[in-house]
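Heads up: the sequence shown begins at 2 in this note's numbering, then just goes up one per residue. From the three backbone atoms N, C-alpha and C, an ideal C-beta is built for every residue, glycine too.
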Amino acid sequence: MAGTDITMTINQQNMTIEELKAVMQEYGIAGAGGAGFPSYGKLSEKIETLILNCAECEPLIKVHRQMLALHAKGIIAALRRVAETVGASEILIALKPSYKEAIEAVEAEIIHTPQVAIRYLKEAYPVGDEVVTIYEATGKVVPPGSIPIEVGVAVFNVETAYNIYLAIEKKQPVSYKYLTIAGEVENPVTVKLPIGMSVKEAVSFGGNITTKDPVFLAGGPMTGSIVKGHELITKTSNAILVLPSDHYVIRKKNSNAVIDMQRAMASCCQCRMCTDLCPRYLLGHPIEPHEFMRSATTGVTKNLSPFLDTYFCSSCGLCEMFSCMQNLSPRSLINAYKNGLIQNGVKKPEHPEQSPVNLIREYRMVPEERLIARIDLEKYDSPAPLKEETKHADTVKLLLKQHIGAPASCVVTIGQRVTSGEMIAKAAPGALSLPVHASIDGVITEIGETFITISNIS
Ligand code: SF4
Ligand code: SF4
Numbered sequence: 002m003a004g005t006d007i008t009m010t011i012n013q014q015n016m017t018i019e020e021l022k023a024v025m026q027e028y029g030i031a032g033a034g035g036a037g038f039p040s041y042g043k044l045s046e047k048i049e050t051l052i053l054n055c056a057e058c059e060p061l062i063k064v065h066r067q068m069l070a071l072h073a074k075g076i077i078a079a080l081r082r083v084a085e086t087v088g089a090s091e092i093l094i095a096l097k098p099s100y101k102e103a104i105e106a107v108e109a110e111i112i113h114t115p116q117v118a119i120r121y122l123k124e125a126y127p128v129g130d131e132v133v134t135i136y137e138a139t140g141k142v143v144p145p146g147s148i149p150i151e152v153g154v155a156v157f158n159v160e161t162a163y164n165i166y167l168a169i170e171k172k173q174p175v176s177y178k179y180l181t182i183a184g185e186v187e188n189p190v191t192v193k194l195p196i197g198m199s200v201k202e203a204v205s206f207g208g209n210i211t212t213k214d215p216v217f218l219a220g221g222p223m224t225g226s227i228v229k230g231h232e233l234i235t236k237t238s239n240a241i242l243v244l245p246s247d248h249y250v251i252r253k254k255n256s257n258a259v260i261d262m263q264r265a266m267a268s269c270c271q272c273r274m275c276t277d278l279c280p281r282y283l284l285g286h287p288i289e290p291h292e293f294m295r296s297a298t299t300g301v302t303k304n305l306s307p308f309l310d311t312y313f314c315s316s317c318g319l320c321e322m323f324s325c326m327q328n329l330s331p332r333s334l335i336n337a338y339k340n341g342l343i344q345n346g347v348k349k350p351e352h353p354e355q356s357p358v359n360l361i362r363e364y365r366m367v368p369e370e371r372l373i374a375r376i377d378l379e380k381y382d383s384p385a386p387l388k389e390e391t392k393h394a395d396t397v398k399l400l401l402k403q404h405i406g407a408p409a410s411c412v413v414t415i416g417q418r419v420t421s422g423e424m425i426a427k428a429a430p431g432a433l434s435l436p437v438h439a440s441i442d443g444v445i446t447e448i449g450e451t452f453i454t455i456s457n458i459s
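As structure tokens, then:
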């Protein structure tokens, strides 16, 4: 697909799916969040429903609602182009009732387009998770271990759809990223900055750090991970949160699997709250964390299902951050077991059992405000206004692999001058892969096995 003459097709009204895939690959579009699946890989003529996922389930992250309020026109135009190309019959804009400005902007855009409709989602966690959002918006359950296209759905988040718009209409590749800087900073903010900037530099846009012993968290408090200041902003970054080292969230992230297991052996009372609130269990997927905890803590392996079913955990973290009153860590232990199975070549069960959606699911959803209170984030839950002007960087270090799939390969040399938007690494041929583009004007100063550095020197 790389090498297709994009300029001949990009502005035509009608594209084939292959042409649109070529555009999305050429311009480096990956899911702007999560694992960052290359977006062209989602396109298929099987898509009946296209969902714009604007539901930010993670506390404190405020990127998509603000981007949609600002860029509804371009985003909806991009979705319509995708829908027309793949033959999807409907576009659903999935958001939460509290996103007033985004709703106003969308309503103004869709007033004469019956093909596009708003779906209001619950203000609960993890509504925003792809599988949960699909159920809330369409009533369809993605089968366990499967992908949305199995139920005729494709989901793009707001920034990804905006990147599709920029590629189609402006011929602009993905070279910058929107992200929220929040927590222990003077001025929580949502910024647009060049990909490849360091975490520490990104945090500086939130003003002074207001705690003596800060820890940086990339992503949300529920699913994010601790990062160092020298680590890099990528196409999938969506937030950097600054928290004190002794904060509840940081202590949970720093937990140790051996100690987690000893604590579980001593105090898991099999109350099954972790299962009763588990979002995937409630949708009928075969995951029951209390069963896993019983099998793992007793070492009884007569029934292997609780171990194999770890493949169907989404790692949402609700069980260990909210549900368990004993402060145990089912999610972390499940992850440790799942990783062990993968390393030992144990395959995911092929035909997992699926139950009907739990009848009392609706009453077991965890309101966002209760989650925020439980994990001690109320004092950080403030607006993080979006600043649209791109932040400046003197140096960026761009990773050759920023998402699921094969890494890109370098096509520049040291000392070469490049301009923002220029391709500096090409996608791996014949693989799920994306190119990398310069995010600032400058000179190539370093090329490593996994990265390319650009410095803004004259
Ligand atoms: S909620 Fe905690 S104590 Fe209860 S079964 Fe789950 S892990 Fe055990
Ligand atoms: S992390 Fe816990 S609550 Fe979330 S899907 Fe996995 S087992 Fe269920």
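Margin query: Let me confirm a value: T191 is counted as buried when at least 16 other C-beta atoms fall within 10 Å, else exposed. Which label applies?
Written below: Looking up residue 191 in the sequence shown gives position 190. The residue is buried, with at least 16 neighbouring Cβ atoms inside 10 Å.
Check: What distance in whole Å lies between the Cβ atoms of I234 and A266, which are believed to be in contact at a cut-off of 8 Å?
Finding: On the sequence shown, position 265 is the one that residue 266 refers to. On the sequence shown, position 233 is the one that residue 234 refers to. A small correction: the amino acid at residue 266 is Met; Ala does not occupy that position in the sequence shown. In fact, because the Cβ distance is near 40 Å, the residues do not count as touching under 8 Å.
Note to self: Across the region 147–157 and the region 176–189, are there enough close Cβ pairs to call them in contact, namely three or more that are closer than 8 Å?
What the structure shows: By the Cβ criterion, the region 147–157 is not in contact with the region 176–189, since fewer than three pairs of Cβ atoms, one from each stretch, lie closer than 8 Å.
Check: Comparing alpha-carbon positions, which option in I227, I52, C272 lies nearest A219?
Finding: As a first step, residue 219 is located in the sequence shown; it is residue number 218 there, counting from the start. Nearest C-alpha to A219 among I227, I52, C272: I227.
Next item on the list: Report the rounded CA-to-CA distance for V175 versus H231, giving the unit in angstroms.
Entry: Counting from one through the sequence shown, the residue named residue 175 turns up at place 174. Counting from one through the sequence shown, the residue named residue 231 turns up at place 230. Computed Cα separation, rounded: 22 Å.
Margin query: One question on the structure: do C320 and P368 come within less than 9 Å of each other, judged by their Cβ atoms?
Written below: By 1-based counting over the sequence shown, the position of residue 320 is 319. By 1-based counting over the sequence shown, the position of residue 368 is 367. No.
Margin query: With three or more C-beta pairs closer than 8 Å as the rule, is the region 63–76 touching the region 272–287?
Written below: Touching, no.
Checklist line | Y177 versus D442, I135, G449, K348, residue with shortest Cα-Cα distance | finding: Numbered from 1 along the sequence shown, position 176 holds the residue referred to as residue 177. When only C-alpha atoms are compared, the closest one is D442.
Next item on the list: Determine which residues share a DSSP beta bridge with N158 and list them.
Entry: What you label residue 158 is simply residue 157 of the sequence shown in a count that begins at 1. In the DSSP secondary-structure assignment, N158 is bridged to N54.
Next item on the list: Spell out the partners DSSP gives H438 in its beta bridges.
Entry: As a working note, residue 438 is residue 437 in the sequence shown. As computed with DSSP, H438 is found in a beta bridge with M424.
Next item on the list: Using the Cα positions of R295 and Y282, report the straight-line distance between them to the nearest angstrom.
Entry: In the sequence shown, counting from the first residue as 1, residue 295 sits at position 294. In the sequence shown, counting from the first residue as 1, residue 282 sits at position 281. About 17 Å.
Next item on the list: Check the C-beta distance from H248 over to D130 and give it rounded, since I have them as a contact under 8 Å.
Entry: Numbered from its first residue, the sequence shown carries residue 248 at position 247. Numbered from its first residue, the sequence shown carries residue 130 at position 129. Contact doesn't hold; Cβ gap of about 23 Å is too wide.
Item checked: Contact the region 37–50 vs the region 357–364: 3+ CB pairs below 8 Å -> Segment contact: the region 37–50 against the region 357–364, fewer than three CB-CB distances shorter than 8 Å; contact not assigned.
Notebook entry, point to check: Between M262, A162, R252, which lies nearest to A84 when the distance is taken from Cα to Cα?
Noted result: The residue you call residue 84 lines up with position 83 of the sequence shown. Of the candidates M262, A162, R252, the one whose C-alpha sits nearest the C-alpha of A84 is A162.
Next item on the list: With hydrogens ignored, establish whether the beta-carbon of R273 is closer than 8 Å to any heavy atom of ligand 1.
Entry: The count along the sequence shown starts at 1 and reaches residue 273 at position 272. R273: yes, Cβ under 8 Å from ligand 1.
Item checked: Host alpha helix (DSSP H) of E379 (start-end) -> Here residue 379 corresponds to residue number 378 of the sequence shown, with the count starting at 1. Neither: E379 is in no alpha helix (DSSP H) and is coded neither H nor E.
Notebook entry, point to check: What is the DSSP secondary structure of G184, counted as helix, strand or coil?
Noted result: Mapped onto the sequence shown, residue 184 falls at position 183. Here G184 carries a strand assignment [DSSP, helix/strand/coil].
Item checked: Nearest neighbour of H456, chosen from A429, E450, T420, L433 [CA to CA] -> Taking the first residue of the sequence shown as 1, we reach residue 456 at position 455. With the sequence shown as reference, residue 456 is identified as Ser, and His is not the correct amino acid for it. S456 has its Cα closest to that of T420, out of A429, E450, T420, L433.
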